[in-house]
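In the working numbering, the protein residues as written are 549 to 725.
Read through the structure below, which is laid out as structure tokens, and then see the notes.
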Amino acid sequence: MDELETPGALKDPPEASPPGVIASRLDAAIGWARKYSIFQYPFVTACCGMEFMSTAGSHYDLDRFGAGFPRFSPRQADVLMVVGTVSHKISPILKRIYEQMAEPKWVVAFGVCTCTGGFYDDYATVQGIDTIIPVDLYIPGCPPRPENVLQGLMLLQEKIQKQGNRPTPGTLRPPLR
Ligand code: SF4
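What follows is the structure, given as structure tokens:
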């Protein structure tokens, strides 16, 4: 007879659930819901805007990704889509819009001008919006093709899913100047 079956013998306690299972499932569910309910704020300043509009049109169907509805109030948006050249003159407005968005929030640099300043290597143009606000995703191209934008959107969704309900890591966000 097995020792555990001896009358009066102490049995091992039932195996406890791995810690954090419920919390991590909830985290994954929140990440999943967030990645399919993107509300983008289009900050459009220049020619990249045409490509942005063509991507947002019915042919490419952003609704498939749950990102079909732009919001024109920063308080209702969670993805700031910066599209086109950003001059130093307009940069305080971009920074204010970013600050008005509630957490969690993500920033996309759309087109090479927003990523690096592009070929506008001059005193008037911001040489990459990440010198003003933190950027989560860079989509290069002059302008980027809609396929590039869709690929970028899917990468952003992956990032949102992985973040789940956790706050945006402060270490990844340089202090605003
Ligand atoms: S990346 Fe090219 S298309 Fe886009 S704003 Fe700059 S110059 Fe215009």
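Just so it is clear, CB atoms sit at the ideal spot from N, CA and C, and this is done for glycine as well.
Query: Proximity winner among 683, 624 and 713, relative to residue 700 (alpha-carbon distances); Result: 683
Query: Neighbourhood of residue 660 by C-beta distance below 7 Å, restricted to the same chain and skipping five residues each side; Result: 666, 688, 689 and 690
Query: Own chain partners of residue 676 with C-beta closer than 7 Å, once the 5 adjacent residues on each side are dropped; Result: 663, 664 and 665
Query: Contact between the segment 591–611 and the segment 627–634 (3+ Cβ pairs under 8 Å); Result: yes
Query: Whole-Å CB distance - residue 580 paired with residue 709, under 8 Å assumed; Result: 6 Å
Query: Residues near residue 706 in its chain [Cβ-Cβ closer than 7 Å; skip 5 each side]; Result: none
Query: Chain-ordered list of residues that sit, by beta carbon, closer than 6 Å to a heavy atom of ligand 1; Result: 594, 595, 596, 632, 633, 659, 660, 661, 666, 690 and 691
Query: Cβ-Cβ separation, residue 674 to residue 635 (assumed contact under 8 Å), whole Å; Result: 7 Å
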